[in-house]
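Protein chains: 2
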Amino acid sequence: MGCKIEAFQQEQRKRMRSVQDSMDALNGKWKISIISSICCYGKRRFSDILNDVEGISNRMLSKELKELEINQLVKRTVLNTQPITVQYELTEHGNTLQTIISNLSNWGILHRKKIVGK
Amino acid sequence: MGCKIEAFQQEQRKRMRSVQDSMDALNGKWKISIISSICCYGKRRFSDILNDVEGISNRMLSKELKELEINQLVKRTVLNTQPITVQYELTEHGNTLQTIISNLSNWGILHRKKIVGK
DNA sequence: CTGAATCCAGATGGATACTG
DNA sequence: CAGTATCCATCTGGATTCAG
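From first to last, the protein sequence lines stand for chains A and B. Using UniProt numbering, read the first sequence as starting at 1 and increasing by one per residue. Using UniProt numbering, read the second sequence as starting at 1 and increasing by one per residue.
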């Protein structure tokens, strides 16, 4: 009977859907880097992140942060400073990404060695 | 002295660059899903993957597979069948992505519960 | 079956200037 | 400082057709 095979395939489809769900939340050129920046410092201001993430424009940073906020990954706080500054931090949910970030960082080093390095 | 701070910042920059390296290799709408498909079955033909990855077109699949091949993540083998079939499998290097895939799958489930679920 | 080629709409993202 | 608005080139990706 194909019961086991079907169960396996269903499991596999579920896994693929989950992976896709993750990627949908983390897509875009910069999101992971932005999260990585905020994560490392705990709290981070707009201009700090703009500085951390090499190459990003304020237009993009603004947009990506907004999407991350919608996905409840970062929390935005306006501070009573003059001029106004805005602080971003990871939500509890956003913090659950730490393992992934860490893995991506490690794998990135490995990959660079493999492809670029001799 | 700012030695510790500078060391930390340099460490942080390195981490961000690594994460970005990973994302560069894994960007595109479908790559992770494709890898996930091949990974689970060990070997997988073009049409199988086309079927596994919901919504992808053959044009995109072809393109993404080519990029994955360039990055030495998948290996392509033409089989002597009639008509010709092509088999894809992960390289050793591609297999090092398993941890990330697994984590992304788990996080995807978590995220879906958090955002979509009540 | 496995692609490559073409066409084309819509998304992405940089540069720049502007606002509160 | 933290965005927003506008303009515009490039990229993305679907649909369809064709080829080996």
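For every residue, glycine included, the Cβ atom is placed at its ideal position computed from N, Cα and C.
DSSP places Thr77 of chain B inside the beta strand (DSSP E), whose first and last residues are 74-79. The way I'd put it, the segment 43-53 of chain A doesn't touch the segment 67-86 of chain B; fewer than three beta-carbon pairs between them come closer than 8 Å. Between Ile101 of chain A and Ile35 of chain A, the gap from beta carbon to beta carbon is short of 8 Å. For Leu110 of chain B, the closest of A:Asn71, A:His111, A:Trp107, A:Lys75 by C-alpha to C-alpha distance is A:Asn71. Lys114 of chain A belongs to the set of residues whose beta carbon lies under 8 Å from a beta carbon in chain B. Fully enclosed beta strand (DSSP E) runs of no fewer than 3 residues occupy 43-45, 74-79, 85-90 of the UniProt domain "HTH hxlR-type" (3-116) of chain B, in order along the chain.
Taking the Cα of Tyr88 of chain B as reference, the smallest distance to any Cα among B:Ser62, B:Val19, B:Gln9, B:Gln10 is reached at B:Ser62. If you check the CB distance, Met16 of chain A and Ser33 of chain B come in under 8 Å. The alpha-carbon separation between Ala25 of chain B and Thr77 of chain A amounts to approximately 33 Å. Taking Gln9 of chain A as reference, the option from B:Val19, B:Val74, B:Gln12, B:Asn51 with the minimal CA-CA separation is B:Asn51. At a cut-off of 8 Å between beta-carbon atoms, Gly42 of chain B makes no contact with chain A.
Pairing Ser18 of chain A with Ser105 of chain B gives a Cβ-Cβ distance under 8 Å.
With its beta carbon at least 8 Å from every one in chain B, Met60 of chain A lies outside the interface.
Within the segment 1-24 of chain B, Gln12, Arg15, Met16, Ser18, Val19, Gln20, Asp21, Ser22, Met23 place their CB atoms closer than 7 Å to a CB of chain A, listed in sequence order. Less than 8 Å divides the Cβ of His93 of chain B from the Cβ of Lys114 of chain A.
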